[in-house]
Structure formats: C-alpha cells, structure tokens
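Numbering (the numbering used here), first residue to last: 249 to 946.
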Amino acid sequence: MKVSGKHWAVALLPLLMGVVAFFIVIGPRALDPQNIAWLESGDPATHYLGWVFFRHSPWTFPLGLNPSYGLELGSAVIFSDSNPLLALLFKPFSPWLPETFQYFGIWLLTCFVLQAWFAWKLLGLVTPSVVLRLLGAGLFLFSPPMFLRMGGHLSLAGHFLILAALYLALHPRVQKRRLAWGSLLAATALVHAYLLAMVALIWIADLAGRTIKNQLTRRTALIELLVLFLLVSLCCWQAGYFSIGDGIASGGFGLYRMNLLSVIDSSGWSLILPDLPEASGDYEGFNYLGLGTLLLAICAAVVLLRHTTDFGSSVRRLPILLWALIGLTLFALSNEIGVGLLNIHYPLPGIIVKLANIFRASGRMFWPVFYVIVFAVIFLVVRGNRPRTAVCLLALALFVQVVDTRNGWAGLRQSRMMVPAAEWPTMLHDPFWASAASHYANIRSLQPQNQPDTWLPLASYAATHGLKTDTAYLGRMSSTALEHAQQKAKRMLETGQYDPDSLYILNQNAMLEAVKSIHSETDLLARIDGLVVLAPGWKQCEQCLPVADEGRSMQLVPLIKLGQQQLFNYKTQHLAQGWSTPETWGTWSEGGEAEILLRVPPQARSIVIEALAFVLPMHLSQDVVFTINGVQAFSTHLTRLQGNRIEIPLTAAIHEAIARDTLMRIHVQLPDAISPKQLGLGEDRRVMGLGVKSLTVQ
Numbered sequence: 249m250k251v252s253g254k255h256w257a258v259a260l261l262p263l264l265m266g267v268v269a270f271f272i273v274i275g276p277r278a279l280d281p282q283n284i285a286w287l288e289s290g291d292p293a294t295h296y297l298g299w300v301f302f303r304h305s306p307w308t309f310p311l312g313l314n315p316s317y318g319l320e321l322g323s324a325v326i327f328s329d330s331n332p333l334l335a336l337l338f339k340p341f342s343p344w345l346p347e348t349f350q351y352f353g354i355w356l357l358t359c360f361v362l363q364a365w366f367a368w369k370l371l372g373l374v375t376p377s378v379v380l381r382l383l384g385a386g387l388f389l390f391s392p393p394m395f396l397r398m399g400g401h402l403s404l405a406g407h408f409l410i411l412a413a414l415y416l417a418l419h420p421r422v423q424k425r426r427l428a429w430g431s432l433l434a435a436t437a438l439v440h441a442y443l444l445a446m447v448a449l450i451w452i453a454d455l456a457g458r459t460i461k462n463q464l465t466r467r468t469a470l471i472e473l474l475v476l477f478l479l480v481s482l483c484c485w486q487a488g489y490f491s492i493g494d495g496i497a498s499g500g501f502g503l504y505r506m507n508l509l510s511v512i513d514s515s516g517w518s519l520i521l522p523d524l525p526e527a528s529g530d531y532e533g534f535n536y537l538g539l540g541t542l543l544l545a546i547c548a549a550v551v552l553l554r555h556t557t558d559f560g561s562s563v564r565r566l567p568i569l570l571w572a573l574i575g576l577t578l579f580a581l582s583n584e585i586g587v588g589l590l591n592i593h594y595p596l597p598g599i600i601v602k603l604a605n606i607f608r609a610s611g612r613m614f615w616p617v618f619y620v621i622v623f624a625v626i627f628l629v630v631r632g633n634r635p636r637t638a639v640c641l642l643a644l645a646l647f648v649q650v651v652d653t654r655n656g657w658a659g660l661r662q663s664r665m666m667v668p669a670a671e672w673p674t675m676l677h678d679p680f681w682a683s684a685a686s687h688y689a690n691i692r693s694l695q696p697q698n699q700p701d702t703w704l705p706l707a708s709y710a711a712t713h714g715l716k717t718d719t720a721y722l723g724r725m726s727s728t729a730l731e732h733a734q735q736k737a738k739r740m741l742e743t744g745q746y747d748p749d750s751l752y753i754l755n756q757n758a759m760l761e762a763v764k765s766i767h768s769e770t771d772l773l774a775r776i777d778g779l780v781v782l783a784p785g786w787k788q789c790e791q792c793l794p795v796a797d798e799g800r801s802m803q804l805v806p807l808i809k810l811g812q813q814q815l816f817n818y819k820t821q822h823l824a825q826g827w828s829t830p831e832t833w834g835t836w837s838e839g840g841e842a843e844i845l846l847r848v849p850p851q852a853r854s855i856v857i858e859a860l861a862f863v864l865p866m867h868l869s870q871d872v873v874f875t876i877n878g879v880q881a882f883s884t885h886l887t888r889l890q891g892n893r894i895e896i897p898l899t900a901a902i903h904e905a906i907a908r909d910t911l912m913r914i915h916v917q918l919p920d921a922i923s924p925k926q927l928g929l930g931e932d933r934r935v936m937g938l939g940v941k942s943l944t945v946q
C-alpha cells in the first residue's frame, strides 16, 4: 500500500506541473466560464459564437450541425472551430448553464495538464528517474508552437493529442491497443481536422510498422484498420465534417508553409535570438524550438557523435514512422521551399495541389516532427550522460526555455488576463435593433460571403437576440451554396423583392444596386449605427419602431449630423484611402498620407477627431497636417499615444470649397509616420502615424 500510495503521489507531479504552467502563462481569469472578454476578437470570437448558436439550436442529425450560424451557406460546429468534443459535452446541460458560458478556459487548462502528463509518459520510455522526467516534461510544456495557438486557434492548442499518439507508437507493447488508439482517434476527430491528420498518420505508421515486424498479424491489423476507420468516419460525420461537400478544399498551400529556418527563427519569441526574415505566410509554420531546447540539442549532438547510446538502432527499429515524419516535413515545407526570404519552387500536378489545399496551412504539419526532435534531444542527453549531469543539463535548459520564451508568452498572458466581462461592447446602440429582433428571424449580409467586414457585431447581435444569420466567420464554407446565395442576392437587388423574414445589411456595391430598386412604400432603407440596413415590410409593421428612411436618396458617403459620433472600428466609406484594417478600438493610418470623406450639414463649425498617435519612447512625436478640399485647415504636434483630441475649425473658405465639391475631403499628411518594424518592434511593416477612433461634427 505504501508503494502504491507513493506511485500515485509521483504520478500527480506532472499534473501539478501542468496546472502551475497554466497559471504562469495564461492566468486564472480565462477559467471563469462567464468571462468572455478575452474571446472578443478574431478566431476566438467565432469559436465562442459558434458554441452560442449551437447550444441554443435544436438537436440535429448529424449531431454537430449548426444551421443557425451560416444558414444555407452550410455550417457545423467543427467549422467555427468551437471544439465539438466540448460543445457536444456541454450542450445537454445548456438549460442549466448561465446565459454567458464559455469552456475554452477549461480547454486550455486541459491542454497544459495533459501535455505534461503525456510528456511524462513519453519520457518514461527513456528513464525511470522522476526528476529527469519532470524536467523533460517542462520542455514539452513550454512549447512555443503550442503557446502560439493559444492566442488564436484554441482547438489547435491540443498538442497533447500528438504526444499521446507518439507514446502509443513508441511504446514497445500497448495493452488494449484498439481501445487506446480508438479513443485517441475519436477524441482527436472531435477536436480539429489538422490534429486528426497528424494523429491518424502516426497510427497508420505504427500499425504498418508492427505488422511488418510481426507484432501484429495481417488479419489483426486489417480488422483494426477497418474498425478504427469506421469509428473515425462516424465521429467526423457527427461533428459535421461532411456537411459542406465541395467547400472542404480552400487555397493557400505553399503560402502557409514552414520555412526551413523555423526551428531557430524566434519570430519575436526570444530575448536573445533574432527574428529572422521570412515570407508573409510563414507564421503558420512557426516551429521555434526555444533557446533552452536548442542549447540542449548541442549537448545531444555531442553525445550522438560519441556513439555512446543506442539511438541509431532505436531509430532503425521504426522505419515506417521515420518515413511518416519525413513525409510530414516535406508537406510542411510545401512546393514553395523557403529559406528565410529565399524561395525555391518546384511544380506539382494540379490535382495534388487541390488535395493539399484541404490542409492548406501545411506548416502546422511539422508539429509531430517538432516533438520527436524534443524527445530525441532529451533521449540523447539522458542516455549519454551520468544522471547528475543529465539533471543539471535539463534543469539549465528548462530555466533558459522558460525565461527566453517569456518574450512571447508574456503577451499571451496579458491578453488572457484582461478585465473580465460577461458581454462584449457593441456598435449597435440604436433602439432599432431591439425592435428588429422581434420582427425578423434572420439577419443576412448582401452580398453573402464568408467573414464580411461587420461579421462580429452582427453575429453577436444575432446570437444575443436568438436570430439566425449567414453573417459568419467559418473555417470552410460550401462554395456551391455560396454561389447560389450570391445569385439569389443578385436577383433580389435587381427586383427589390426580399425575404420578408430577414433583415439585410448591405455593403457598398449592394447599396448602390438597392437604391435603384427599393420599394420605398413598404421597405426601409436607412443607415443605422453606420450600417446600411434594408428592412423588408418595415413600413407596414405597426409594432416596429419609426425610423427615418433614406430610400432612393441614399448616397455612398453618409451624412454625419451635428453632434453625431462616427466610430472607425469597422470598415466605413468615410475612410477613403491610406488606412489600415480596422481594429476593435479604431483604425491606423497606413503610409504618409490618408483621406477622409464626409458629408456634413451647412451649419457645421468644426470637426473633432479622437485619435491615437504612433508615439513611443524611441519615436517621440507625430506631426499631422490637415487640408480640407485643398484649403489648409489645421496642423498639430502629437506627443502622446492616447487621449488626443483634435478639433479642426471649418472656416468660410472651407465651406465655400465644400459647396463646390458637395463632399468634404480631409487630406491628412503624416511626415513622421513610421512602421513598428523600422523601430525594431517585430514584423509589422505598416507605416503608421495617426489612429482614428471617432469623429464628431460640431
């Protein structure tokens, strides 16, 4: 009993290590199921919204379909990367869960704990030493590629699934083999397709290798192949993989590759090693080993040269797995091999490229090789040195790894430890939206597309009010369904006949067409909170809120009324040129010049702009010069990042120039604009000067 108790106490150590690492890197706030502040933007936002729509939708068959988020464009919970494993686990309890509930913090904690656990199990194949196994597990835990995914692609943080597959493949004899591999493959299929591809390849290599070595009979291997293939197919079917058909393949193979220098390229994650030049899509192939692991690799290379271990014979005993890892590496590199900024292309048949585009972000496929490298380095150091020496080397490597990579994970922690909130701020403040939610069943975008500019506030609005929407951000979307939806939208815009159960949000081109065909006697066409809204049948609805209709008089650049505040945290016609992609707070200028277009009332006396200035300790000021319709209007010298209030007076000369042109054209000159990259602050090449948050006409 004493031995058993001691064994269990020791087994808890890696689990405790995983918990401690989670609190160091992520922090406790993500564990609050009602805190969604850290999920507000980008990929985490669609992960969460996919779950919200899924939990409130009726059960379907297959179970993972999520028709409220995507409508006829095709959707399943797998394509919003909402982690079907947990979504299916929590959905039966949805009536008892709080209205705001997220499980992604629990998932990240699970990733840390199981990463440590399977690293511990894996290293148990190398040494029985508790200390060595714990130190080695720490190197697996502080994995930059895993941490990077925790910043955005949350399901892809499940690297423990890869470690589990490697453990099963490297273990000399696995009991209840089909149960172990079947459970792992089923769980992985319900987490993410990329991880499934990696784990499945390791399983196939293991199955083939053991069959060749006669550890399994051909009959046993064939039965396992068929049974587990059917199991994985069933899981994929229920998760919704097959719900979109022709939309599985995308584009980007060769762009989202792994650079050959990626294992030593810190990409800003190191305090010491430089950020090496790379191509635009190489971030998907981020596979930096970490300085601690790289230093340990030098020690491992010395051991390898001494030929004092059985490393070579161990590798030769696993030829199929070795070829699988080589194949993953070649796929990760793609047919556009990058060495820093140097690119080497070799042609591939079109059908091969099309198939490869199913897993277009091929740089991710190096992850199993990444962990095999870490395992091999630890194997050589442990087997090639005395235990005390190995302990010292691993302890030093782990210390360096944690300290050096802090340059990357400290930012991750900061983003996960933001002030908690149970709801997201919204740009939709007008009472119209609450009235519309009680009148329509759907909210749609014209033209339909994946991830339109305003997808986040509209999808959030739809989720909050129980509406269905095609305004979504999905990993894959049916191309045929999208084409049909766009053809239908074109017919509606030409005829002015719209679905009466749907509220439409129009982009610029759709608005120009809708103005020509709008049935103004029944339908509403108006700008509300900066969005162009088409509400079929609104004027015949007695319960609907009265709204000023623009109809056929609507113009491309909207009128800003006196006292009205125009926000710039989304794409708007006011920002004509010289502006970057909008962010949650507003929009940075991009380049040395920019232009703002306005229509203002004749009574306007000034324009007030709330702005950021790209000012840092190494770049102390920004000069900004405003010219309105060719008339010199205002200049200022900004010396602080936040809290800049710029008031531009509208003189008689400016009003006269506006009257001739009908539009106010504010030309912004930024002679001190500079990029973060020029200042040595990462790879951001945008030349930034002014960040506009809002504009008010007074």
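We treat Cβ as the ideally placed atom computed from N, Cα and C, and that holds for glycine.
All figures in this text were calculated on a predicted structure; none of them were measured in a lab.
Exposure of residue i, with buried meaning 16 or more beta-carbon neighbours within 10 Å
| i | result |
| --- | --- |
| L370 | buried |
| K250 | Interpretation of K250 is limited by its pLDDT of 40, a score under 50 that renders its predicted location unreliable; no figure is taken from the coordinates. |
| L313 | buried |
| W949 | The structure shown has nothing for residue 949, since the chain only spans 249 to 946. |
| Q825 | exposed |
| I460 | exposed |
| I876 | buried |
| S316 | buried |
| S252 | At S252, the pLDDT of 48 sits below 50, so the modelled position is not reliable; the number obtained from the coordinates is stated separately. Answer is exposed; the Cβ neighbour count stays below 16. |
| Y594 | exposed |
| R397 | buried |
| F395 | buried |
| K424 | exposed |
| T436 | buried |
| M866 | exposed |
| G928 | exposed |
N-terminal and C-terminal residue of the alpha helix (DSSP H) that residue i is part of
| i | result |
| --- | --- |
| T712 | W703 to H713 |
| E904 | A900 to D909 |
| P479 | Here residue 479 turns out to be Leu, not Pro, going by the sequence shown. Looking at the DSSP string, the run of the alpha helix (DSSP H) that includes L479 is R466 to A487. |
| L815 | Careful: L815 lies outside any alpha helix (DSSP H), inside the beta strand (DSSP E) at Q813 to L815. |
| F408 | F408 to L418 |
| L722 | That residue, L722, is in no alpha helix (DSSP H); it is neither H nor E in DSSP. |
| A364 | F352 to L371 |
| F395 | P392 to R397 |
Bridge partner(s) assigned by DSSP for residue i
| i | result |
| --- | --- |
| V872 | T884 |
| V267 | Its beta-bridge partners do not exist; DSSP assigns none. |
| T835 | V940 |
| H867 | L864 |
| T436 | Note: T436 sits in no beta bridge, so no partner. |
| N879 | Contrary to the premise, residue 879 reads as Val rather than Asn in this sequence. Beta-bridge pairing links V879 to I876. |
| K716 | N690 |
| I922 | M936 |
First through last residue of the beta strand (DSSP E) which encompasses residue i
| i | result |
| --- | --- |
| T944 | L938 to V945 |
| P897 | N892 to P897 |
| I844 | E841 to L846 |
| E858 | S854 to A861 |
| I914 | M912 to Q917 |
| I460 | From DSSP, I460 is part of no beta strand (DSSP E) but of the alpha helix (DSSP H) over A441 to I460. |
| Q825 | L823 to Q825 |
When the options are compared against residue i, the one with the closest alpha-carbon
| i | options | result |
| --- | --- | --- |
| L773 | N757, C792, A796 and Q791 | A796 |
| Q926 | V780, L864, K787 and V601 | L864 |
| G611 | A412, A527 and Y721 | A527 |
| P794 | A682, P522 and V856 | A682 |
| Q363 | A269, Q821 and R303 | A269 |
| T719 | Q735, N755 and Y746 | N755 |
| V258 | W368, V805, I626 and W299 | W368 |
| Q649 | T887, E841, G384 and D329 | G384 |
| R664 | L261, A278 and A448 | A278 |
| F349 | N817, I914, H295 and E532 | H295 |
Practice prompt. Starting from the N-terminal side, write out each stretch of the beta strand (DSSP E) that is 3 residues or longer and does not extend beyond the region 564–651.
Written response: For the beta strand (DSSP E) assignment, the uninterrupted runs of no fewer than 3 residues enclosed by the region 564–651 are, from N- to C-terminal side, 584–587 and 590–593.
Worksheet item: Can you give, in chain order, each stretch of the alpha helix (DSSP H) that sits fully within the region 742–808 and has at least 4 residues?
Response: Runs of the alpha helix (DSSP H) inside the region 742–808: 756–765.
Worksheet item: Mind pulling the beta strand (DSSP E) runs of 3 or more residues that sit fully within the region 293–348?
Response: Counting whole runs of 3 or more residues, the region 293–348 contains no beta strand (DSSP E) stretch at all.
Worksheet item: Which whole runs of the beta strand (DSSP E) in the region 665–709 are 3 residues long or more, in chain order?
Response: With a minimum length of 3 residues, the continuous beta strand (DSSP E) runs that stay inside the region 665–709 are 690–694.
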